[in-house]
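Trainee: Residue numbers for the sequence shown, in full-length UniProt numbering: 1 to 459.
Using N, Cα and C, we set each Cβ at its ideal position, and we do this for glycine too.
Structure below; questions to follow.
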Amino acid sequence: MNGSKTRQIKTLYVYELRKIVCRRIVWITGGIMLLLCVSLSFVDLISTSSDFGEGNEEIVVSGYEMMKIRRECARALSGRKIDDSLLQEMQDFSRGEGMKRESQDVDPATGIVVSVEPGETDAERGAGAEEETDAKEETDAEGDGDAKEEADVKTEPEDIWDRLWAAQKYTPIRIYVYRIMDYGDGKTMDAAGLYSEREKLIAQNREDQMLKQEEMEYWKKNDAGLELPFTYEYAEGWGELWNQSYVVNCMLLLLLLVSLSNVFSMEHQQKTDAVILCTRHGKRELYIAKVLAGITFGAAAALLLSGITLLSDLAVYGADGFGGALQIEFPLSSWRMSVGESVLVLFFMLLAISAMYSIVILFLSEWLKKGVSVMAILVGIMTFTLFIDIPFQLRTLSQVYDLLPTNLLIPWGLWDDRLFSVFGGYLTQFEAAPVMYALLSAVLLFLGRRIWQKQQVGV
């Protein structure tokens, strides 16, 4: 008997899933969302540019080209400890000492590395520059073609790109340092000062979040397990997905609204609910099949959107650094996992959120019996959470508010250290959210079934 019911539910499940997938509006909306996911990796890079050099040596570098230069610099530094030795190299290079050893210098106005003769003094370089300027003016006045041709040879693109690459040699480490402390030219810094400043920022962050003493002790034990100094790894391809997670989350909600908001309401609008009541499996089995079909579609949509976004990021930025410390991409995070493992957590959370979205949409579809009303309510909630934030001073309300599916997947959640106390233990927000979603989903599924059955009986 149970096997027969299972087969019946399976047949209805396949039928309901096909009803969802085969709608034209679903394909159109899904295609648009996928294009947007792909564009997330490119839009910032192709819409920005930087000017370097002057005169014949001026070049315009796109954001994408600059990213490639810094990526190669980062790869060259991968595997090195961020310790006193590396920081000293960076500071020497910034002050020009490293470049003097390579018989080079940097134009302070442009950041371009300019070749100089070994041992040449500043005065000699200045005199040489004046003579070169006078010679150029004289050449222009006389219209000497050979001199112009020589100037063109001087600005070979490969030479400029090599100098630009050299100027960015330690930029990845400098960017990491800037995320933690205000470091500028002329300042000295060591690894102890860098990590001490990081600890101060984390302590201030936890104080702002109004953590209790027990929570402080929890994180103190956790932080003791972090291995210092950190090993630098280029992992921007993986870390970028966290920066795009909020947008992907919103696109997922919009896609599910378009696709699932009429799963139940359509039966009422087309007046087929009374006919369904007369069928053998119109109450229990069909309800289960519709819910399972909606959850399946939601999970598939979440994996597709996030997967396409990740593949696009890896194609642009590279797949390096899966095992790199999360603290390299997000210095204030206290999670003891790699950046790649955090992406797996992100995928799991998206699946949990997609199930929550699907169940809420299906419940409202049956309760309100109008797909447009479902869209209006959830888009309104999404807009509300986009513009409204609850301060940390309202600890409990703020903590629960940040567990909402539309609020959960944001990069700063990686250093949200507020904990939930459960039976003497503690859960982070990413551990507590699936539990809360499961409980809420169970309640909505029960209420939705009661409404579905009551509606049929009342016909």
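Is the region 334-341 touching the region 59-77, taking contact as three or more C-beta pairs under 8 Å?
Mentor: no
Trainee: May I have the straight-line CA-CA distance separating GLN453 from TYR13, to the nearest angstrom?
Mentor: 18 Å
Trainee: Out of ALA203, LEU228, ILE9, ASP208, which has the shortest C-alpha to C-alpha gap to TRP219?
Mentor: Residue nearest to TRP219 within the set ALA203, LEU228, ILE9, ASP208 is ALA203 (criterion: CA-CA distance).
Trainee: Who does PHE363 pair with in a DSSP beta bridge?
Mentor: BP columns for PHE363 are empty, so no partner.
Trainee: Spatial neighbours of ILE82 within its chain, please: C-beta separation below 6 Å, excluding the five flanking residues on both sides.
Mentor: PRO229, PHE230, TYR232
Trainee: Whether or not the region 304-321 and the region 375-395 are in contact is what I'm after, with contact meaning three or more pairs of Cβ atoms, one per stretch, closer than 8 Å; do they touch?
Mentor: no
Trainee: Could you work out which residue in GLN88, THR396, SER358 is closest to ALA191 when comparing CA atoms only?
Mentor: GLN88
Trainee: Ignoring anything shorter than 4 residues, give me the alpha helix (DSSP H) runs that lie fully in the region 309-347, in order along the chain.
Mentor: 326-329
Trainee: Thinking C-beta only, is THR188 closer than 8 Å to GLN91?
Mentor: yes
Trainee: What is the residue span of the beta strand (DSSP E) that VAL263 lies within?
Mentor: First-last for VAL263: undefined, no H or E at that position.
Trainee: Relative to the C-alpha of SER421, which residue among SER39, PHE93, LYS212, ARG18 is closest?
Mentor: LYS212
Trainee: Cβ atoms of SER265 and ILE359: under 8 Å apart, would you say?
Mentor: no
Trainee: Tell me which residue opens and which closes the beta strand (DSSP E) that TYR234 is part of.
Mentor: Note, TYR234: premise wrong, no beta strand (DSSP E); not H, not E.
Trainee: Drop a sphere of 10 angstroms on the beta-carbon of LYS169, count the other beta-carbons inside from all chains shown, and report buried for 16 or more, exposed for fewer.
Mentor: buried
Trainee: Starting from the C-beta of LEU314, find all residues in its chain whose C-beta is less than 7 Å away, skip the five residues before and the five after it, and write them out in chain order.
Mentor: GLY237
Trainee: Can you tell me the Cα-Cα spacing of LEU292 and TYR246, whole angstroms?
Mentor: 26 Å
Trainee: Could you tell me if CYS22 is buried or exposed, where buried requires 16 or more neighbouring beta carbons within 10 angstroms of its beta carbon?
Mentor: With fewer than 16 Cβ atoms within 10 Å of its Cβ, CYS22 is classed as exposed.
Trainee: Considering LEU427, what are the terminal residues of the beta strand (DSSP E) in which it resides?
Mentor: 425-427
Trainee: If you reduce the DSSP assignment to three classes, tell me which class SER62 lands in.
Mentor: Strand, per DSSP.
Trainee: Am I right that GLN209 and PHE330 are in contact with their C-beta atoms under 8 Å? What's the rounded C-beta distance?
Mentor: No, GLN209 and PHE330 are not in contact; Cβ-Cβ is about 16 Å, not under 8 Å.
Trainee: Considering only the alpha carbon of each residue, which of ILE173, GLN8, ARG7, LEU226 lies closest to ARG75?
Mentor: ILE173
Trainee: With respect to the alpha helix (DSSP H) encompassing SER39, which residues constitute its N-terminal and C-terminal limits?
Mentor: 24-39
Trainee: Hey, how far is the Cα of ALA166 from the Cα of LEU414?
Mentor: Rounded to whole angstroms, ALA166 to LEU414 spans 34 Å at the Cα level.
Trainee: Output needed for THR309: all residues of its chain with C-beta closer than 8 Å, excluding positions within five of it in sequence on either side, in chain order.
Mentor: CYS37, VAL38, LEU40, SER41, LEU241, GLN244, VAL248
Trainee: Please return the same chain residues whose Cβ sits closer than 8 Å to the Cβ of GLN399, not counting the five positions on each side in sequence.
Mentor: ARG418, PHE420, GLN429.
Trainee: Alpha carbon to alpha carbon, how far is VAL114 from SER94?
Mentor: For VAL114, the predicted structure reports a pLDDT of 45, less than 50, and the residue's modelled location is therefore unreliable. The matter cannot be settled from this model.
Trainee: Where does SER421 fall in DSSP's three states?
Mentor: In the three-state DSSP reduction, SER421 falls in the strand class (E or B).
Trainee: Assign TYR15 to one of two classes, buried (16 or more other C-beta atoms within 10 Å of its C-beta) or exposed (fewer than that).
Mentor: exposed
Trainee: Would you call the region 370-378 in contact with the region 431-445, where contact means no fewer than 3 C-beta pairs closer than 8 Å?
Mentor: No: fewer than three Cβ pairs fall under 8 Å.
Trainee: Give me the Cα-Cα distance between MET337 and ARG24, rounded to the nearest whole angstrom.
Mentor: 42 Å
Trainee: Cα-Cα, which of LYS200, PHE363, TRP335 is closest to residue 500?
Mentor: Summary: the structure shown does not reach residue 500, with the chain confined to residues 1 through 459, and so no result is reported for it.
Trainee: Note down, in chain order, each residue of its chain lying with its Cβ closer than 7 Å to the Cβ of LEU17, except the 5 sequence neighbours on either side.
Mentor: Within the same chain, LEU17 has close Cβ partners ALA293, THR296, PHE297.
Trainee: Within 10 angstroms of its Cβ, does LEU439 collect 16 or more other Cβ (buried), or is it exposed?
Mentor: exposed
Trainee: Taking all protein chains shown into account, do 16 or more other C-beta atoms lie within 10 angstroms of the C-beta of SER365, making it buried, or fewer, making it exposed?
Mentor: buried
Trainee: Along the alpha helix (DSSP H) that carries ILE175, what are the first and last residues, could you check?
Mentor: ILE175 -> alpha helix (DSSP H) spans 171-180.
Trainee: Once you ignore the five residues that flank THR133 on each side, which residues in its own chain have a CB closer than 7 Å to its CB?
Mentor: With a pLDDT of only 49 at THR133, under 50, the local geometry of the prediction cannot be trusted, and no value is derived from it.
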